[in-house]
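K.L.:
Sending over a structure as structure tokens; questions will come in a sec.
Residue numbers (the UniProt record's numbering): 1 to 134.
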């Protein structure tokens, strides 16, 4: 989910299957076709997300895919990953256009169940993140 001021939230990635990732949805971490020595496992940002020790392998995998989408496809600037231990989430904070305000993206698998209270907690935490990075 991406918070954009007065506009509607938009997903970080579209056209994905169960679990938020193509060919992925068993909740057991990286897909079986991705060997442990694959490039992803050595990518500095993936390793940084793993060190946050937040959530399960699915959360890290989905957050990394959204990070790649923001950086490579959407050309965002200065995207940082931040762990929210109290919510067991990884958030991505960055700017879509250089010099504009920060946006917070909360990568979640499409199978995640989000209650109104959970969404409120996430929005409250994202405001704190934006204050921290401002």
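C-beta atoms are modelled at their ideal positions from N, C-alpha and C, and glycine is treated no differently.
On a predicted model such as this, the values are computed, not experimentally measured, just so you know.
Assign residue 132 to one of two classes, buried (16 or more other C-beta atoms within 10 Å of its C-beta) or exposed (fewer than that).
P.N.:
For the purposes of this step, residue 132 is identified with residue 132 of the chain shown, where counting begins at 1. Exposed, by the Cβ-count rule.
K.L.:
Could you tell me the alpha carbon to alpha carbon distance between residue 106 and residue 60, rounded to whole angstroms?
P.N.:
Looking up residue 106 in the chain shown gives position 106. Looking up residue 60 in the chain shown gives position 60. So the two alpha carbons sit approximately 11 Å from each other.
K.L.:
Can you tell me the Cα-Cα spacing of residue 84 and residue 68, whole angstroms?
P.N.:
Here residue 84 refers to the residue found at position 84 of the chain shown. Here residue 68 refers to the residue found at position 68 of the chain shown. Each residue's alpha carbon lies about 20 Å from the other.
K.L.:
Go ahead and pull the three-state DSSP assignment for residue 103.
P.N.:
As a first step, residue 103 must be located in the chain shown, where it is residue number 103. Of the three classes helix, strand and coil, the one that applies to residue 103 here is strand, per DSSP.
K.L.:
Quick check: residue 54 and residue 92, are their CB atoms within less than 8 Å of each other?
P.N.:
In the chain shown, residue 54 corresponds to position 54, counting from 1. In the chain shown, residue 92 corresponds to position 92, counting from 1. Not a contact, by the Cβ cut-off of 8 Å.
K.L.:
Is residue 84 helix, strand or coil when you go by DSSP?
P.N.:
Position 84 of the chain shown, counting from 1, holds the residue named residue 84. DSSP places residue 84 in strand when its eight states are reduced to three.
K.L.:
Compute the distance between the beta-carbons of residue 104 and residue 70, then report whether it is under 8 Å.
P.N.:
The residue given as residue 104 occupies position 104 in the chain shown. The residue given as residue 70 occupies position 70 in the chain shown. Their beta carbons are not under 8 Å apart, which means residue 104 does not touch residue 70 by this criterion.
K.L.:
Please list, in chain order, all residues of the same chain as residue 122 whose beta carbon is under 6 Å from its beta carbon, the five residues on each side excluded.
P.N.:
The sequence position of residue 122 within the chain shown is 122, counting from 1. Here the set comprises 106.
K.L.:
Let's test the definition: count the other Cβ atoms within 10 Å of the Cβ of residue 57 and tell me whether it reaches 16, buried, or not, exposed.
P.N.:
Position 57 of the chain shown, counted from the start, is the residue given in the question as residue 57. The residue is exposed, with fewer than 16 neighbouring Cβ atoms inside 10 Å.
K.L.:
Residues bridged to residue 95 by DSSP?
P.N.:
Residue 95 sits at position 95 when you count from the first residue of the chain shown. BP columns for residue 95 point to 77.
K.L.:
Do we get a CB-CB distance below 8 Å when we pair residue 56 with the residues of chain B?
P.N.:
The displayed structure is made up of one protein chain only, and chain B is not part of it.
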